[in-house]
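Number of protein chains: 2
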Amino acid sequence: MAAGEQTMNEAVAKGIAPRATMKDVAALAGVSLKTVSRVINEEPSVNPEMVERVRAAASTLRYKPNFGASALRRRDGRSSQIALLLEDLSNPFSAIIYRTVEEVALSRGVTVLGGSLEEDPARERELVATMVRHRVDGFILAPASHDHAYLIEEQQAGVPLVFVDRPPKGLSADSVMSDSREGAKMAVSHLASFGHRRIAYLGDLETISTAQDRFQGYVDALDDIGVSVDNSIVCKDLRTIDAAAEVTAALLKSENPPTAFFAGQNLLTIGAVRALRAAGKQNHVALVGFDDFLLADLLEPGVTVVAQNGVEIATQAAELLFRRLDGDLEGEMTLEVPTTLIVRGSGEIPANR
Amino acid sequence: MAAGEQTMNEAVAKGIAPRATMKDVAALAGVSLKTVSRVINEEPSVNPEMVERVRAAASTLRYKPNFGASALRRRDGRSSQIALLLEDLSNPFSAIIYRTVEEVALSRGVTVLGGSLEEDPARERELVATMVRHRVDGFILAPASHDHAYLIEEQQAGVPLVFVDRPPKGLSADSVMSDSREGAKMAVSHLASFGHRRIAYLGDLETISTAQDRFQGYVDALDDIGVSVDNSIVCKDLRTIDAAAEVTAALLKSENPPTAFFAGQNLLTIGAVRALRAAGKQNHVALVGFDDFLLADLLEPGVTVVAQNGVEIATQAAELLFRRLDGDLEGEMTLEVPTTLIVRGSGEIPANR
DNA sequence: CTGAAAGCGCTTACAG
DNA sequence: CTGAAAGCGCTTACAG
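Keeping their order, the protein sequence lines are chains X and U. Residue 921 in the working numbering sits at position 165 of the first sequence; the count goes up by one each step and never skips. Residue 963 in the working numbering sits at position 207 of the second sequence; the count goes up by one each step and never skips.
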């Protein structure tokens, strides 16, 4: 009693009107709790007159169902929330994935708990743990870590996992990503078709498996034209616009500069553009980037890229996740989404012999 | 019993290992439920030996606390989730807001439920309702609707509301946004200082209050130089790159074309760039945009903009929200964050007299 | 078609 | 320092 009063007083002091519960609605409507529950959940077989009374009471009290409470007791225990953990939500590729997944989830009445991992495995573990405490129904994950065995517990608890952009390691799970190797090969072969033989490689962290794949594609394309890899023009572990710009500038000033560049990621492409521009060589040295970016068409020359299909990747991933949630327990799927070459000018500058 | 067995069988059939609860941990450790709760919540005054036993049991069973269940019973009822509803998470301004809020929230152990409103008031209502069902602890909202009275219930239920980018209408709540009017005035005055008198206005939906503010800033700047508004070069209700490009192209071809453009939003700026480029007039007609965008510096000419400080807006908004959650109930705050003129070339093309 | 009792996983408010 | 009982808001599994 005393405690109850105190709560009341605190609430009043703060001007807080406590939320109505099903119990309150039941009291006002003069029916049982269970009947209110039936009406709120739109179960059939409730007397229409009672439905009316309950609806009126709920509306008067501005009753709002509590998902968490119902999930706790419901047999499926679903929270109607999924976790979406991506590299960095302010990066355009992540953003389009988020947007697309959000749309599919919304159509199912599911909300999205987002998180940015920033290539930090510790942060990934932490965010996953938080999402688990929230009992999300599933995960869509572009992992930062390189060992995902710790997620096996979640799979065993019946929480579906779909990897996007990067494959799972140390456990088997569904995944959806671009065909990086083939895309990179297409980019470099395109440069080769304009006579280039000395093509520099700018790539992200070697620990990222897609960066390895893209490098493999680069090697494949060189193999095709009988050129062997020259490590003096292979630059890996680049993460930022500035890093790519610096390396590009240095290569351009070297004794035997490349006649073309392949950049394995959009920030690196932008860095290369910046350095080529600074050196006044944007119309003399060719460039093809992996992953499209806004305004690539408005630069001079327009930047030729191998574009990823983010919408397709995200749609496939989300639909796969929901199929799993709907009970489809077939073996793991690995979906590769093809990339597309977009010709804009920078990749069609011929090699000067 | 029969039901229990059936559940068991289903779980086994699906290979699902049910999650351990505090009860399970208590049983294994040979202590009471309450003692487990104390250990998990790191309450002091538990015998260190018991702490050890409980920790060991929790670890063996891979116990994961259930936020939802504890929130249900806890007196504060906090879900450790906040809702962040923005225009479109794939738009760079929204994305930087998301990223920044996420960071502040993470430091508090709070996760973010995101949503894109897409200028659709109905979608706003729907998403807010969903977030309420999830019992989020607070809202950060860039509203699509133009009447927010429906949110009064939430305020009364003690859920803090912080508006970003756009002010609340029909209720009083905290808000944080750019000083749009002053920023727009700065942009247009800058054009005027290069001799422009015939400056076109490209603006977003008139129903958006910041679009109105930006138009007012445009009018203010013209007033300062004694020029009256010419409606034939004022174009409102533009939403997309293409719409802005079309209008710009038409104005350039008109009998008395403007010598400069002010674009009230980044997509519109990009549209204007595209049209100027197509007409070959990018070095003859001046342009200043409101809101910065990636690569604006790499275009030719570089695009002069009045930049919003998204990080500052988001930081202020998130900190304000958490201050409210911490019990600060002082009167509503309206914070205006100044914009910055970034000179890059397109805005410094003089008027040809 | 309706409702009383039990319980989801946890914390509160006690008592010892 | 520890624990048994009650209850958060809701659904389940019954009985009528």
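Don't be surprised by glycine CBs; every beta carbon is placed ideally from N, CA and C.
Whole angstroms is fine: what's the gap from residue i's alpha carbon to residue j's?
i               : j               : result
N1065 (chain U) : Q1038 (chain X) : 32 Å
F893 (chain X)  : H902 (chain U)  : Before going further, note that residue 893 (chain X) is Asp rather than Phe in the sequence given. So the two alpha carbons sit approximately 34 Å from each other.
K925 (chain X)  : L994 (chain X)  : 23 Å
K789 (chain U)  : V888 (chain U)  : The sequence given here places Leu at residue 789 (chain U); Lys does not occur at that position. When rounded, the distance between both Cα atoms is 31 Å.
P1094 (chain U) : V1067 (chain U) : 12 Å
M933 (chain X)  : A1073 (chain X) : 9 Å
E761 (chain X)  : L828 (chain U)  : Only weak support exists for where E761 (chain X) lies, its pLDDT of 36 falling under 50; the coordinates are left without a value.
A967 (chain X)  : A940 (chain U)  : 43 Å
A1006 (chain X) : N1108 (chain X) : 20 Å
R830 (chain U)  : L1055 (chain U) : 55 Å
M1089 (chain U) : N803 (chain X)  : 49 Å
A839 (chain X)  : S793 (chain U)  : 26 Å
I1105 (chain X) : H1040 (chain X) : 7 Å
L845 (chain U)  : G982 (chain X)  : 45 Å
L907 (chain X)  : H946 (chain U)  : 56 Å
A773 (chain U)  : V781 (chain U)  : 15 Å
G833 (chain U)  : L927 (chain X)  : 37 Å
A769 (chain X)  : G914 (chain U)  : Note on A769 (chain X): pLDDT 46, under 50, position unreliable in the model; the coordinate value appears next. Using only the alpha carbons, I get a separation of about 11 Å.
A1001 (chain X) : R879 (chain X)  : 28 Å
N847 (chain U)  : I796 (chain X)  : 37 Å
Taking 8 Å as the CB-CB limit, is residue i close to chain U?
i               : result
I852 (chain X)  : yes
A1019 (chain X) : no
R855 (chain X)  : yes
S846 (chain X)  : yes
S835 (chain X)  : yes
S872 (chain X)  : yes
E1086 (chain X) : no
H890 (chain X)  : yes
R881 (chain X)  : no
Where do the N-terminal and C-terminal ends of the alpha helix (DSSP H) with residue i fall, by residue?
i               : result
F1124 (chain X) : This structure cannot settle anything about residue 1124 (chain X), because the visible part of chain X is limited to 757 through 1109.
A942 (chain U)  : This sequence places Met at residue 942 (chain U); Ala is not what is there. Per DSSP, M942 (chain U) belongs to the alpha helix (DSSP H) from S936 to A948.
S872 (chain U)  : Unbroken run through S872 (chain U) is the beta strand (DSSP E), T867 to S872; no alpha helix (DSSP H).
N973 (chain X)  : In the sequence as presented, Asn is not what sits at residue 973 (chain X); that position holds Gly. S965 to D980 is the span of the alpha helix (DSSP H), which, as asked, contains G973 (chain X).
F895 (chain U)  : That residue, F895 (chain U), is in no alpha helix (DSSP H); its beta strand (DSSP E) goes G894 to L897.
G824 (chain X)  : F823 to R829
V983 (chain U)  : Note, V983 (chain U): premise wrong, no alpha helix (DSSP H); not H, not E.
V857 (chain X)  : P848 to S863
V1003 (chain U) : I997 to K1009
D796 (chain U)  : Sequence check: residue 796 (chain U) is Ile here, not Asp. Unbroken alpha helix (DSSP H) run through I796 (chain U): L789 to I796.
T816 (chain U)  : P804 to T816
I908 (chain U)  : I908 to Q912
T1025 (chain X) : N1022 to A1034
V918 (chain X)  : Looking at the DSSP string, V918 (chain X) is not in any alpha helix (DSSP H); the run it does join, the beta strand (DSSP E), is L917 to V920.
Tell me where the beta strand (DSSP E) around residue i begins and ends.
i               : result
Y957 (chain U)  : I955 to L958
A1063 (chain X) : T1060 to A1063
Q837 (chain U)  : Q837 to L842
Below 8 Å CB to CB, which residues in the same chain sit around residue i once its five sequence neighbours on both sides are set aside?
i              : result
R937 (chain X) : D969, R970, Q972, G973 and D976
D876 (chain X) : A900
A898 (chain X) : L841, L842, E843, S850, I853, L873, F919, V920, D921 and R922
A812 (chain X) : A785
Return the chain-ordered list of same chain residues with a C-beta closer than 7 Å to the C-beta of residue i, the five sequence neighbours on each side being excluded.
i               : result
V1059 (chain X) : T1025, V1029, L1043, G1045, A1052, R1100 and S1102
V990 (chain U)  : Y957
P916 (chain U)  : G894, L1077, R1080 and L1081
A861 (chain U)  : I838, T867, V868 and A1074
I1098 (chain X) : D1048, T1060, V1061 and A1063
Spell out the partners DSSP gives residue i in its beta bridges.
i               : result
M887 (chain U)  : None; M887 (chain U) has no bridge partner.
L1043 (chain U) : U:F1017
D930 (chain X)  : X:V918
E1092 (chain U) : U:M933
L1097 (chain X) : X:V1062
Just to confirm, does residue i get its C-beta within under 7 Å of one of the non-hydrogen atoms of the ligand FAD?
i              : result
D969 (chain X) : Ligands displayed in this structure: none; no statement on the ligand FAD is therefore possible.
Step through the CB atoms of chain X and report whether any lies within less than 8 Å of the CB of residue i.
i               : result
T1025 (chain U) : no
H904 (chain U)  : no
S1102 (chain U) : no
P821 (chain U)  : yes
R775 (chain U)  : yes
R811 (chain U)  : no
Skipping 5 residues on each side, what residues in its chain have a beta carbon closer than 6 Å to that of residue i?
i               : result
A776 (chain X)  : L817 and Y819
K992 (chain X)  : G959 and E962
A1031 (chain X) : A1001, T1004 and A1005
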